[in-house]
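Only one structure is covered here, and it is reproduced in the block below.
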Amino acid sequence: MGRLDHKIAFITGAAGSIGAATARRFAAEGARVALSDVDADALHALADDLGRDYALALPADVTDSAQVRGAVEQAVRRFGALDITFANAGIFGAVANIIDYPEDVFDRVLAVNVRGPFLVAKHALAAMRDGGSMIINSSVVGLTADPGIAAYATSKHALVGLMRTAAKEMAPRGIRVNTIHPGPVSNAFQHRIELTATGAGTEERAAEIFEELIPLGRHATPEEVAAAVLFLASDESAFLTGATVPLDGGMSV
Ligand SMILES: NC(=O)c1ccc[n+]([C@@H]2O[C@H](COP(=O)([O-])OP(=O)(O)OC[C@H]3O[C@@H](n4cnc5c(N)ncnc54)[C@H](O)[C@@H]3O)[C@@H](O)[C@H]2O)c1
């Protein structure tokens, strides 16, 4: 018996580190997974690996409404319904103080990280069965902030507003909506940020500087994030909605 038997999940950013770890965990727990990302090659490779009976690759850009709607429609056509949505695709942007922050980068980060999850919510929630679960991937800096990350922190805070609105709108149908707020995860996305933000010469030194800020003293693994997403996606969290779930080793305390 899997924890997601008979459930169908739609995951954006599925070709990336956290998205792929979640897709693998969902599939291992019995779900069928509709995988979406702009990186079509990595997406098809993941779907092949999971098995075409259980996984479907749906290349789409989350900033494009027609593409997101098309991906959701294909997922429903193939698997018959949707029970779980994980809005996970995201980008970081630049490190610069607000006075110097490039406006085009700010606009792009907001487009991918806010308009994207809004469009995913708009199209996927309409297609989901009653009793489903949507999880939105924010960040520890959706609850806190640091100098130099105006676009990213603004975008990740905005997701709390989207989540709280959706949680109240969808409650009459028994659909739950929550955000997760991961701290630094050990993957390429985070290593790039750490090198830029610290100016340290090596990935290892940059990681150490960040780990001094984390009470548990280490990065999370993508699998640890996937485990929390699994809990929120499953019926084990049936009374949990409208919550901001920290996954940050105590960083936001
Ligand atoms: N890595 C961390 O430490 C960390 C911490 C907190 C939150 N997050 C969040 O987790 C999510 C996943 O990040 P990750 O660490 O797996 O990084 P990642 O770069 O491995 O994954 C992000 C994925 O999103 C996809 N993507 C980017 N723009 C897109 C678009 N316009 N449309 C569709 N897909 C798009 C990328 O192709 C990539 O596969 C992001 O929202 C990120 O902000 C990451």
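All residue numbers for the sequence shown refer to the working numbering, where the first residue is 19 and numbers rise by one. The C-beta atom is built at its ideal place from N, Cα and C for all residues, glycine as well. Computed from a predicted model, the values in this text were never measured in an experiment.
- For residue 54, the pairing in a beta bridge is given by DSSP as 30 and 76.
- Sequence-distant Cβ neighbours of residue 57 in its own chain, meaning closer than 6 Å and more than five residues away, are 33.
- Where residue 240 is concerned, there is no enclosing beta strand (DSSP E), although the alpha helix (DSSP H) around it starts and stops at 240-251.
- Per DSSP, the beta bridge partners of residue 194 are 151.
- Residue 132 and residue 173 do touch by the CB rule: their CB atoms are close to 5 Å apart, below 8 Å.
- Counted as a single uninterrupted DSSP element, the alpha helix (DSSP H) harbouring residue 136 occupies residues 134-145.
- Of the residues assessed, residue 80 falls on the buried side of the cut-off, its CB having 16 or more other CB atoms within 10 angstroms.
- Taking a C-beta distance under 7 Å as the contact criterion, residue 102 and residue 155 do not qualify as a contact pair.
- Residue 141 is a Cβ neighbour of residue 86, given a cutoff of 7 Å.
- Taking the Cα positions, residue 150 is about 46 Å away from residue 219.
- Going by beta carbons, residue 29 and residue 41 fall inside the 7 Å limit.
- In this structure, residue 243 sits near residue 265, with a CB-CB distance shorter than 7 Å.
- Distance from the CA atom of residue 72 to the CA atom of residue 206, rounded to whole angstroms, is 27 Å.
- For residue 205, the CB falls within less than 6 Å of some heavy atom of ligand 1.
- Sequence-distant partners of residue 116 (beyond 5 residues in either direction) whose C-beta falls short of 6 Å from its own C-beta, in its chain, are 168.
- Residue 127 is not bridged by DSSP to any residue.
- Between ligand 1 and residue 107, a heavy atom-to-CB distance of less than 6 Å is present.
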